[in-house]
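Accompanying notes for the structure given below.
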Amino acid sequence: MVPGNGRRTDLKDVAELSKEHGILLAVQLASDSNIDAIQALTIQRKDIFDAELVLRIILTYLTETLDPILYTSFVAQVASNQYQTGQSQPQSTIDIATVSKLSTLKAHKKVQSLHLLPLDHSSCPPAVCDDLLTRFLIHRAHRIDTETGVLNSLPQLVDPFLDEKPFLRTWYISTVLPLLRFGYEYYNDNHGVYSLDQLEWADGESGVAMLLSKALEHGSQDINGRNTMLEAEGKHRSSLARDMRGLVGPWMYGYSDRKRRKLNGQDPRRRRLSVFDKEAERAKQLKEQDGRLEDDAIHDWDAAFLWMTRTAAEKFSTVAEAIEEWDGPPDVDLGGYHEGSHLSKELQKTLLRRYAQTAFATVFAAEASTKETMSHSHTMLVRISQLLDYEPPPDLASSIELLPRIDDHKSALQDLPSSWLEVDALLRPKNPLTSPTLETFALLQLLVFSAYLLAELGHPAAISHVARIRLQFDANEQLGLCQRIVHALSTGAKKDELQWTGIRSRFLWLWGWAMNSADIFAQYGDGVFGKIERSLLEKEILKAFLNASCFPLVVKTYIRSEESQHRLSAEDVQFVIIETVLHHYDNASNGNRTRGGMKKASDMISTLRQYFPESPAFRRCEALLKATHALSFYALTLQHGVPFQPVNIRVSSDPITLIEKLLSQNRGSYTKLDDLISIGVNLVSAGVTILSDPKVPSIETSSTELAAQKRKAERRVIGMAIEAALNEDDFETAYSYVVNRLDTTSASTQVAANGQPEDDISWRAALAAGRHKSSAHSLSASSSISTPPALRRLEQRMELLSQALLLAPPSALPEVLNVWRKCEEEMMSLQASENEEESSFDDRADRALPGTFVSMTAPVQPRREVGRGATEEAPMGLFDVARGAAAAFSRTAFPLRGSTGASQGQSMGPPTGHVRNVSSGGSDTASIASESERVRKRDYVANAVTGGLASGLGWVLGATPVNQQTQH
């Protein structure tokens with residue numbers, strides 16, 4: 001029939017149908033899902049219907065919800081063009097009414113508007129597969145998935161043809177089977193989540209991510225509600241291992257076909273990519289071509305390995321369990337659709353090595369530092385040894401002697417940049433940490449056991465962090481970490497000597513990784529702490545022993561053993577002991593040596609001093625502890641209300657000044673002079689300025705110099721006590737200290753190197769006591785019968801001033817004499833007042849007697865020379881002192897003149913020099929003597945003062961001495 005003929009037709013049977021009418025009838029029958037009628041029509045009109053046309057009509061118009069069992073056999077017959085006999089229906093059973101009334105022209109137009117779908121699908125282009133039936137089935141499966149989202153009918157569609165169609169079988173195993181298991185078997189609540197198109201066109205990383213998106217969830221339910229994490233007979237313990245075997249494995253089965261499809265076909269989604277997107281895609285492809293496999297192509301298994309490595313960062317236990325159970329790429333579950341291995345031997349070998357490298361990488365990628373992580377890391381070591389046929393590692397809980405050694409694998413110990421430890425870099429074929437070799441396996445063993453030992457030492461760390469410590473930390477960083485660990489151990493729970501011995505063994509293994517015994521004198525090791533000098537490490541361990549009070553262990557390990565066992569000399573051991581003692585001393589809050597840090601320091605010194613009997617450092621520490629302990633019995637507060645702490649002694653440039661603060665804050669403490677002197681002397685013996693910095697080599701002070709420093713400290717403390725007594729108005733105690741305790745035997749003219757007098761304390765203390773004016777209460781408390789209290793106190797003050805005159809340097813004499821003059825004026829005033837009172841009393845008594853001569857006047861006694869036979873001592877004025885000084889100057893300047901008088905004067909005066917009074921009460925008896933034999937003390941004190949001056953009378957008149965003029 002001519003298509004252009006528009007006349008009306010009235011067709012009676014199938015044989016009369018034109019091509020257009022036949023096609024329209026077939027379309028109608030397909031729309032009605034009348035498979036038998038379609039089959040009969042195609043058999044009767046083979047001239048109209050070729051195989052491709054029939055399949056296209058069925059593909060386009062047959063409803064996707066129809067059970068594939070109803071048409072698979074018919075499709076197979078159409079594709080093979082081999083119809084079974086006896087299946088054609090009588091012509092009367094085919095209803096052609098729907099098309100019989102159509103004109104030829106109208107039928108032609110309708111056929112033109114049908115838009116039958118092509119058999120070719122984007123996932124199966126003709127260049128990849130030219131089989132008609134395969135193309136139809138794949139396209140039909142996609143139609144079913146697109147229109148219904150139900151994939152559980154696809155096995156019925158393709159199962160009959162899998163044995164005959166290799167491409168279809170590969171497509172089904174790699175695309176349909178993973179989605180069926182994902183949505184209907186492993187995770188039954190996820191059917192329809194992913195489509196065939198998504199999985200077919202997914203690259204390696206996205207495909208793996210889709211298939212493993214539920215693998216990290218604990219447990220899954222099958223369609224009957226059963227938990228399928230543990231499959232039949234307990235074969236699977238890990239859902240990830242099951243998914244790698246049953247989802248990723250089948251998907252990888254179609255890797256080659258996907259590669260060819262992507263090379264020959266075109267993803268419809270990619271047609272919409274812009275120029276920039278295409279450039280980005282091309283750049284991504286170039287980046288991916290980094291040579292992950294030896295076959296010059298990126299195998300999708302690398303994406304699975306990378307996913308496992310990245311996942312291990314946070315879920316290492318899940319990945320480790322999967323690797324332990326799954327045997328790698330050859331271990332896949334293809335649902336029985338393929339027998340034997342689908343990988344070549346060369347590719348299988350390569351993939352197994354990549355899988356072993358993945359096991360390496362997951363250990364380094366793990367970020368957790370828990371005991372579970374350590375256990376799974378050891379499991380990975382065992383698994384790697386199985387995959388690579390290496391000797392398995394020892395158990396984690398093995399003794400130190402059984403731990404692995406580094407001697408034969410030192411080539412792996414090289415400093416590496418941190419970039420090698422990045423997650424995405426761990427799977428690079430040339431990565432020196434994860435390449436599956438014996439050296440890297442040995443290194444990983446050492447790192448895992450190091451992490452385990454660090455966790456036992458209280459410092460859990462991830463394997464990657466342990467690797468950074470060994471490969472990237474410098475010596476200072478390693479030492480700092482070691483110190484933190486030791487400090488935490490020392491301040492934690494109390495440990496016995498056996499535990500501390502084990503701790504030292506762990507540190508030594510971490511330092512050297514069981515180095516060869518030939519390296520016994522090596523200063524640096526190969527282990528995690530190998531960049532630290534062995535002696536420094538031993539010092540830190542020794543400090544820990546000391547802090548734990550394990551003194552027998554210290555003696556056994558570091559004092560009585562050979563130096564080669566610990567690399568520390570006797571001086572080093574002593575240095576560490578002293579440093580530790582001072583550390584506890586500085587951190588003590590109380591100076592009592594029976595408490596806190598002071599007790600620890602005291603115990604160390606008392607226990608270990610016997611092993612260093614000649615050590616000056618131990619002697620100084622003992623003196624420091626004694627002084628601090630004695631200070632602790634006094635209340636002492638420093639500036640801003642801060643209570644005294646032992647460290648204040650060590651930071652002070654002059655710790656003896658603390659005694660001055662003590663005296664001012666503790667009333668009456670000046671009476672404990674011996675205790676205070678002991679504190680001062682011990683502070684000098686401690687050599688505080690030396691102990692302040694134990695790292696500076698100390699210069700031992702000679703015994704003579706030390707004795708001089710002690711005498712000076714004693715005088716300073718006595719001087720402070722005298723001032724404290726005077727501040728509390730206790731003149732009698734101050735007087736007693738000056739007369740009886742203050743050493744005045746040293747010459748006042750001794751001058752130190754700086755031009756100042758060496759003894760600047762004695763004369764100042766005597767001067768301070770001499771100028772002190774007691775209160776009325778103090779005078780009444782010290783009254784005596786023989787002498788009035790005020791007069792006696794003045795005599796005592798002038799006696800103290802006489803000592804000050806003897807001890808003071810020439811430059812200070814005007815100051816002392818000024819005080820002397822004031823005291824003399826007070827005495828003259830006091831004596832005049834007493835004489836006046838006595839005269840008044842005598843006058844009143846005389847008037848009261850009978851026969852008194854009121855007009856009688858007492859004769860005036862002529863003036864006598866001062867000091868010549870007077871019963872009562874008269875005050876000595878400045879003129880008298882000047883006259884005595886002139887006489888002394890005369891004898892000194894002109895020794896031949898008046899030698900007789902001089903000799904006579906000497907025979908009458910006391911011997912030259914100062915005689916210290918023994919008792920405080922000697923001033924009364926010393927002032928009473930016969931006039932013929934006695935010269936007043938004030939007379940020969942003046943002679944002694946003036947005789948010691950080489951500059952004549954100038955000092956009396958206030959002139960500057962010659963030696964000071966020269967200095968000025």
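1 is the number of the first residue of the sequence shown in full-length UniProt numbering; add one for each residue after it. For every residue, glycine included, the Cβ atom is placed at its ideal position computed from N, Cα and C.
Original post:
Thinking C-alpha only, which one of 662, 655, 661 is nearest residue 686?
Top reply: 655
**OP:** Tell me whether residue 643 sits in a helix, a strand or coil according to DSSP, three-state version.
**Re:** strand
**OP:** Closer than 6 Å by C-beta to residue 22: which residues in its own chain qualify, once you throw out the five before and the five after it? Chain order, please.
**Re:** 45, 48
**OP:** Assign residue 445 to one of two classes, buried (16 or more other C-beta atoms within 10 Å of its C-beta) or exposed (fewer than that).
**Re:** buried
**OP:** Reducing DSSP to helix, strand and coil, say where residue 124 ends up.
**Re:** The answer is strand: DSSP assigns residue 124 an E or B state.
**OP:** Please name the residue, chosen from 578, 548, 611, that lies closest to residue 561 on a Cα-to-Cα basis.
**Re:** 611
Original post:
Going along the chain, which residues of its own chain have a beta-carbon closer than 8 Å to the beta-carbon of residue 683, five neighbours each way excluded?
Top reply: 623, 624, 627, 649, 655, 656, 713
Original post:
What is the DSSP secondary structure of residue 63, reduced to helix, strand or coil?
Top reply: coil
**OP:** Measure the C-alpha to C-alpha separation of residue 804 and residue 721 and round it to an integer number of angstroms.
**Re:** 17 Å
Subject >> Local conformation of residue 946 per DSSP, three classes >> reply: In this predicted model, residue 946 has a pLDDT of only 48, less than 50, meaning its place in the structure is not dependable enough to derive any value.
Subject >> residue 696, buried or exposed, once every other Cβ within 10 Å from all chains shown has been counted against 16 >> reply: Residue placement at residue 696 cannot be trusted, given a pLDDT of 47 that sits under 50; what the coordinates show is reported in the next sentence. Exposed.
**OP:** Go through its chain and collect everything with a Cβ distance to residue 470's Cβ below 6 Å, but skip five positions before and after it.
**Re:** 528
Subject >> Cβ neighbours of residue 791 in the same chain (closer than 8 Å, five flanking residues each side left out) >> reply: 827, 830, 831, 834
Subject >> Complete alpha helix (DSSP H) runs within the stretch 462-491 (minimum length 4 residues, chain order) >> reply: Listed in chain order, the complete alpha helix (DSSP H) runs (minimum 4 residues) inside the stretch 462-491 are 463-471, 475-491.
Original post:
Residue range of the alpha helix (DSSP H) that residue 610 falls in?
Top reply: Counting along the chain, residue 610 falls outside any alpha helix (DSSP H), and DSSP gives it neither H nor E.
Original post:
Under three-state DSSP, which class holds residue 134?
Top reply: helix
**OP:** From the DSSP output, read off the bridge partner residues of residue 637.
**Re:** Answer is 643, bridged to residue 637.
**OP:** Determine the direct distance from the alpha carbon of residue 718 to that of residue 631, and round the result to whole angstroms.
**Re:** Spanning the two alpha carbons is a distance of roughly 16 Å.
Original post:
How long is the line joining the alpha carbons of residue 104 and residue 167, rounded to whole angstroms?
Top reply: 42 Å
Original post:
residue 211 to residue 385, Cα distance in whole Å?
Top reply: 29 Å
Original post:
Quick check: the stretch 106-114 against the stretch 162-176, are there 3 or more CB pairs under 8 Å?
Top reply: no
Subject >> Nearest-angstrom beta carbon gap, residue 15 and residue 57 [assumed within contact, 8 Å] >> reply: Wrong, their Cβ atoms sit about 20 Å apart, outside the cutoff.
Original post:
Residue range of the alpha helix (DSSP H) that residue 616 falls in?
Top reply: Secondary structure note for residue 616: its alpha helix (DSSP H) is the uninterrupted segment 616-631.
Original post:
In the stretch 341-395, which residue ranges form an unbroken beta strand (DSSP E) of at least 3 residues, counting only runs that do not cross its ends?
Top reply: none
Original post:
So what does DSSP say about residue 178, is it helix, strand or coil?
Top reply: helix
**OP:** Below 6 Å CB to CB, which residues in the same chain sit around residue 54 once its five sequence neighbours on both sides are set aside?
**Re:** 42, 78
**OP:** Give the straight-line distance between the Cα atoms of residue 258 and residue 200, rounded to the nearest whole angstrom.
**Re:** 7 Å
Original post:
Excluding five sequence neighbours on each side, which residues of the same chain lie with their C-beta closer than 7 Å to the C-beta of residue 19?
Top reply: 48
Original post:
Under the three-state reduction of DSSP, which class applies to residue 569: helix, strand or coil?
Top reply: coil
Original post:
Between residue 183 and residue 175, what straight-line distance do the alpha-carbon atoms span, to the nearest angstrom?
Top reply: 13 Å
Subject >> Limits of the alpha helix (DSSP H) - the one that residue 252 falls within >> reply: Counting along the chain, the unbroken alpha helix (DSSP H) around residue 252 starts and ends at 249-253.
**OP:** To the nearest angstrom, report how far apart residue 663 and residue 710 are at their CA atoms.
**Re:** Residue 710 has its alpha-carbon roughly 20 Å from the corresponding atom of residue 663.
Subject >> residue 343 beta carbon less than 8 Å from that of residue 351 >> reply: yes
Original post:
Can you tell me the Cα-Cα spacing of residue 158 and residue 349, whole angstroms?
Top reply: So the alpha carbons of these two residues sit roughly 33 Å apart.
Subject >> Alpha-carbon spacing of residue 155 relative to residue 338, whole angstroms >> reply: 15 Å
**OP:** Kindly list the residues whose CB is nearer than 8 Å to the CB of residue 121, restricted to its own chain and excluding five residues on each side of it in sequence; keep chain order.
**Re:** 135, 138, 139, 142
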